[in-house]
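**Q** Structure provided below as structure tokens; questions to follow.
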Amino acid sequence: FFSQPPPMLRPWPRLGRWAGQRALHTALHSGYGHPLLRDWQGQRALLDKAQFMFPLFIIDQPTALNPIPALPENYHVGVGRLEEYLAPLVAQGLRSVLLFGVPTTAQKDPQGSPAEDANGPVIQAIQLLRARFPDLYVACDVCLCAYTSHGHCGVLHPSNKIN
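With our numbering applied, the sequence shown covers 1369 to 1531.
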């Protein structure tokens, strides 16, 4: 159709990539505000440890660092231990984390209200991670099943159908 791509689709080199490689990006991808997202969207992205998100299971017990038997080498981490747990991993090149809330004491309700509690462990963890590791990309699991009294991933309609 085109003899060459339109200007907005033409790739251009971006230098200074994390591993010294040259990545190609397009204008369509320039809206990504975090360097990691730009790397993920690169046309020549290589599968590397930087492509993976490290799961963090944030528990509402501030000093906890409890092994998860079903996930070897993974822990339920309290906010009070999070910096100590994560600092060595960030120093080794960890670039992104995915937070999962593990409420054990929260009063669960049908709407999953504990998920948005400003004193909840995930929100506290986000604030701590932003302050201590500003270059770390932080994503959060948005499933409500851990926070709802009925255990479904979302809010139910009065007819008990998922919203």
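Using N, Cα and C, we set each Cβ at its ideal position, and we do this for glycine too.
Return the bridge partner residues of S1464 from the DSSP annotation.
**A** The residue labelled residue 1464 in the question sits at position 96 within the sequence shown. Paired residues: Y1505.
**Q** Leaving out five residues on either side along the sequence, give the residues of the same chain with a beta carbon under 7 angstroms from the beta carbon of A1483.
**A** The sequence position of residue 1483 within the sequence shown is 115, counting from 1. Contacts found: G1469, L1512 and Y1515.
**Q** Straight-line CA distance for N1487 to I1426?
**A** One-based indexing of the sequence shown puts residue 1487 at position 119. One-based indexing of the sequence shown puts residue 1426 at position 58. Cα to Cα, the separation comes out at about 13 angstroms.
**Q** Apart from the five residues on each side of it in sequence, which residues of its chain come closer than 7 angstroms, Cβ to Cβ, to H1518?
**A** Looking up residue 1518 in the sequence shown gives position 150. For H1518, where only same-chain residues beyond five positions count, the Cβ hits under 7 angstroms are P1478 and L1524.
**Q** Which parts of the region 1471-1528 are runs of the alpha helix (DSSP H), unbroken and 4 residues or longer, counting only runs that do not cross its ends?
**A** As far as the region 1471-1528 is concerned, its whole alpha helix (DSSP H) runs of at least 4 residues are 1489-1500.
**Q** Can you tell me where the beta strand (DSSP E) holding G1401 begins and where it ends?
**A** Residue mapping note: residue 1401 aligns to position 33 of the sequence shown, counting from 1. Counting along the chain, G1401 falls outside any beta strand (DSSP E), and DSSP gives it neither H nor E.
**Q** Does at least one heavy atom of the ligand MN sit under 7 angstroms from the Cβ of S1481?
**A** Only the bare structure without any ligand can be found here, which leaves the ligand MN out of the picture.
**Q** Look at the alpha carbon of F1420 and the alpha carbon of Q1475, and state the distance between them as a whole number of angstroms.
**A** On the sequence shown, residue 1420 is found 52 positions in, with the first residue counted as 1. On the sequence shown, residue 1475 is found 107 positions in, with the first residue counted as 1. Roughly 33 angstroms between the two C-alpha positions.
**Q** By the three-class DSSP mapping on this structure, what secondary structure does L1439 have?
**A** Locating residue 1439 in the sequence shown gives position 71, counting from the first residue. In the structure shown, L1439 sits in coil (DSSP, three-state: anything other than H, G, I, E or B).
**Q** At the level of alpha carbons, what is the spacing between H1393 and Q1429?
**A** Counted from its first residue, the sequence shown places residue 1393 at position 25. Counted from its first residue, the sequence shown places residue 1429 at position 61. Per-residue confidence for H1393 stands at a pLDDT of 48, beneath the threshold of 50, marking its modelled position as unreliable; the derived number appears in the next sentence. It is roughly 43 angstroms from the alpha-carbon of H1393 to the alpha-carbon of Q1429.
**Q** Just to confirm before moving on: does the CB-CB distance between V1465 and F1422 stay below 8 angstroms?
**A** Locating residue 1465 in the sequence shown gives position 97, where the first residue counts as 1. Locating residue 1422 in the sequence shown gives position 54, where the first residue counts as 1. Cβ distance < 8 angstroms, so V1465 and F1422 count as in contact.
**Q** Taking DSSP as the reference, what is the three-state secondary structure of L1433?
**A** Here residue 1433 refers to the residue found at position 65 when the sequence shown is read from its first residue. Strand.
**Q** On the CB-based measure, 16 or more other CB atoms within 10 Å of its CB, does V1445 come out buried or exposed?
**A** Along the sequence shown, read from residue 1 onward, the residue named residue 1445 stands at position 77. Flag for V1445 reads buried.
**Q** Thinking C-beta only, is R1500 closer than 8 angstroms to E1441?
**A** Taking the sequence shown and counting its residues from 1, the one referred to as residue 1441 is at position 73. Taking the sequence shown and counting its residues from 1, the one referred to as residue 1500 is at position 132. Their beta carbons are not under 8 angstroms apart, which means E1441 does not touch R1500 by this criterion.
**Q** Quick check on L1467: buried or exposed, where buried means 16 or more other Cβ atoms within 10 Å of its Cβ?
**A** Position 99 of the sequence shown, counted from the first residue, corresponds to residue 1467. Buried, by the Cβ-count rule.
**Q** Which same chain residues end up closer than 7 angstroms to G1480 when comparing Cβ atoms and leaving out the 5 residues on each side of it in sequence?
**A** Your numbering for residue 1480 matches position 112 in the sequence shown. Hits under 7 angstroms: L1512, Y1515, T1516 and V1523.
**Q** So, using beta-carbon positions, are A1418 and G1461 closer together than 8 angstroms?
**A** As a working mapping, residue 1418 is identified with position 50 in the sequence shown. As a working mapping, residue 1461 is identified with position 93 in the sequence shown. Contact: yes.
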